[in-house]
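Asks: Next up is a structure, given as structure tokens.
2 protein chains.
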Amino acid sequence: MVPGGEAKLLAQLRRGSVQYCVLAMLRDGERYGFELTRELADADGLVTSEGTVYPLLARLRQEGLVETSWQESSQGPPRRYYRLTPDGYRALDLFIEQWQRFRDAIDRLLDEESADGRSGRERDSDSVLPQA
Amino acid sequence: MVPGGEAKLLAQLRRGSVQYCVLAMLRDGERYGFELTRELADADGLVTSEGTVYPLLARLRQEGLVETSWQESSQGPPRRYYRLTPDGYRALDLFIEQWQRFRDAIDRLLDEESADGRSGRERDSDSVLPQA
DNA sequence: GGCTGGTATCGTGCGCCGCATGGTACCTGG
DNA sequence: CCAGGTACCATGCGGCGCACGATACCAGCC
Chain A
1 MVPGGEAKLL AQLRRGSVQY CVLAMLRDGE RYGFELTREL ADADGLVTSE
51 GTVYPLLARL RQEGLVETSW QESSQGPPRR YYRLTPDGYR ALDLFIEQWQ
101 RFRDAIDRLL DEESADGRSG RERDSDSVLP QA
Chain B
133 MVPGGEAKLL AQLRRGSVQY CVLAMLRDGE RYGFELTREL ADADGLVTSE
183 GTVYPLLARL RQEGLVETSW QESSQGPPRR YYRLTPDGYR ALDLFIEQWQ
233 RFRDAIDRLL DEESADGRSG RERDSDSVLP QA
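Now the structure itself:
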């Protein structure tokens with residue numbers, strides 16, 4: 001079991017959800033890329049980086065889910081602010097619905113099997129039982 | 133918004149979790165591929181197909197997370213049964229831990245932003261205030 | 001015998017997206 | 001003038017879900 005295998009595991013898990021996390025973060029007002037990156041990086045279990053966020057934002061823009069505007073900053077280079085379009089809101093709502101179903105499906109599967117719910121499986125009795 | 137966009141959305145979401153669902157299903161006894169495929173297909177929010185499951189099982193075998201044995205069936209071709217190895221159990225436990233953190237992170241993000249939870253963001257005060 | 005349809009296995013190739021890498025530009029402080 | 005923080009971006013790789021198609025065994029039917 002390679003150390004850092006968790007990283008790969010999580011990288012796969014994040015697929016398809018990171019972009020909607022960004023949409024969710026834009027729900028109550030506009031933000032800029034660097035800010036979004038920092039917040040995602042801080043969020044427990046969602047360690048991302050600029051290399052993830054910027055290409056992602058470019059895609060969202062191409063798909064018309066967000067709009068942008070440049071605004072000068074008092075310190076540092078100008079920032080590109082992102083805000084949701086109506087399509088963006090719709091996409092987010094759709095995701096939330098799908099996410100809940102997906103999440104519950106996984107939870108159900110993990111719980112059922114772990115919780116000694118072996119009501120009627122034949123279980124051929126040889127069995128390994130690792131004492132981890 | 134293309135109809136069937138949900139399918140793509142879910143296909144991405146499933147990434148990195150389907151294989152662990154399979155491991156979870158093998159937790160309490162051995163099963164064969166076709167059976168696993170049907171159960172996953174029936175599970176709400178997890179519509180997969182043989183094209184997903186068989187290559188996945190091959191990978192799990194290569195990585196040593198499952199072992200297999202052929203058993204004849206009273207009707208139809210012989211079946212290849214899969215069961216967890218100790219490494220398989222460990223991988224599953226690791227996933228469950230990571231999954232819960234990930235799941236909670238997403239839930240927190242979706243809830244916070246929707247529930248007007250903007251308690252203490254500094255929000256650099258120069259700026260714009262979009263009246264969305 | 002041939003034909004259909006269900007059960008069961010497997011291989012190949014595409015597409016998507018997270019991420020590592022590396023590059024540019026602005027501003028401040030030493 | 002250079003280091004370091006802020007802010008933006010493009011490119012290419014890798015992994016995995018999935019569509020598609022192939023193979024084989026068995027039962028029923030005419």
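So the sequence lines, in the order shown, correspond to chains A and B.
Take 1 as the starting number for the first sequence in our numbering and just add one per residue.
Take 133 as the starting number for the second sequence in our numbering and just add one per residue.
Just so you know, even glycine gets a beta-carbon here, dropped at the ideal spot from N, CA and C.
Remember, predicted model here, so these are calculated numbers, not experimental data.
1. Taking Cβ positions, are A/L26 and A/R83 nearer each other than 9 Å?
2. Under 9 Å between the Cβ atoms of B/A143 and A/G16?
3. Starting from B/E171 and walking both ways along the alpha helix (DSSP H), at which residues does that stretch end?
4. By Cβ distance below 7 Å, which residues in the same chain neighbour A/P78 in space, the five residues on each side in sequence not counted?
5. For a contact meaning CB atoms closer than 8 Å, what does A/E6 contact in chain B?
6. Taking A/L110 as the reference, give the member of B/L241, B/R235 and B/E244 with the closest Cα.
7. Could you name the residues of chain A that B/Q203 contacts, counting a contact when the two beta carbons are closer than 9 Å?
8. Please determine, among A/C21, A/S49 and A/A7, the residue with the shortest C-alpha to C-alpha distance to A/Y89.
9. Between the Cα of A/F95 and the Cα atoms of B/I238, B/R233 and B/T217, which residue gives the shortest distance?
10. May I ask you to list the residues that DSSP assigns as paired with B/Q215?
11. If distances are taken between C-alpha atoms only, which option among A/G76, A/Q100 and A/R80 comes closest to A/V66?
12. At a Cβ threshold of 9 Å, is A/R15 touching chain B?
13. In chain B, which residues lie less than 7 Å from A/L135 when you measure between Cβ atoms?
14. Please decide whether A/A41 counts as near chain B, where near means a Cβ-Cβ distance under 9 Å.
15. I want to verify the contact list: residues of chain B whose CB lies under 7 Å from the CB of A/A105, in sequence order.
16. To the nearest whole angstrom, what separates the beta carbons of B/Q151 and B/L192, a pair I think is in contact under 8 Å?
17. Just the C-alpha distance for B/E254 and B/G196, rounded to the nearest angstrom, thanks.
18. Pull up the distance between the alpha-carbon of A/D93 and that of A/L36, whole angstroms please.
19. Do you know offhand how far A/R14's Cα is from B/T200's?
20. Since I believe A/L9 is in contact with A/A91 (beta carbons under 8 Å), could you give me their beta-carbon distance rounded to a whole number of angstroms?
21. Assuming B/D174 and A/R101 form a contact by the criterion Cβ under 8 Å, report the distance between their Cβ atoms to the nearest whole angstrom.
22. So B/G165 and B/Y186 are supposed to be a Cβ contact under 8 Å. How far apart are they, rounded?
23. Whose CA, out of A/T48, A/L57, A/E6 and A/S49, lies closest to the CA of A/R31?
Replies: Let me lay it out:
1. Cβ distance < 9 Å, so A/L26 and A/R83 count as in contact.
2. Their beta carbons are under 9 Å apart, which means B/A143 touches A/G16 by this criterion.
3. It spans G165 to D174 - the alpha helix (DSSP H) in which B/E171 sits, taken as one unbroken run.
4. Annotation for A/P78: W70, Q71 and E72 place their beta carbon closer than 7 Å to its own, counting only its chain and skipping 5 residues before and after.
5. Within chain B, the residues near A/E6 are L226 and Q230.
6. The residue with the shortest Cα to Cα distance from A/L110 is B/R235.
7. Chain A residues near B/Q203: none, gap ~10 Å exceeds 9 Å.
8. Considering only alpha carbons, the answer is A/C21.
9. When only C-alpha atoms are compared, the closest one is B/I238.
10. The sequence given here places Arg at residue 215 of chain B; Gln does not occur at that position. Residue pairing for B/R215: DSSP places it in a beta bridge opposite B/E199.
11. Looking at the Cα atoms, A/R80 is the closest of the given residues.
12. Output row for A/R15: interface = yes.
13. Nothing can be reported for residue 135 of chain A, as the shown portion of chain A is limited to 1 through 132.
14. By this cut-off, A/A41 is not an interface position.
15. Those within 7 Å of A/A105 in chain B are A175, D176, G177 and L178.
16. Contact flag correct, Cβ pair sits at about 6 Å.
17. Note that B/E254 has pLDDT 39, beneath the 50 cutoff, so the model's placement of it is unreliable and no number is given.
18. In this model, A/D93 and A/L36 are separated by some 20 Å (Cα to Cα).
19. Between the alpha carbons of A/R14 and B/T200 lies a gap of roughly 30 Å.
20. About 26 Å separates the two Cβ atoms, so there is no contact after all.
21. Distance from B/D174 to A/R101 at the Cβ level is roughly 14 Å; contact not present, criterion being Cβ atoms closer than 8 Å.
22. Right, their Cβ atoms sit about 6 Å apart.
23. Minimum Cα distance to A/R31 is reached at A/L57.
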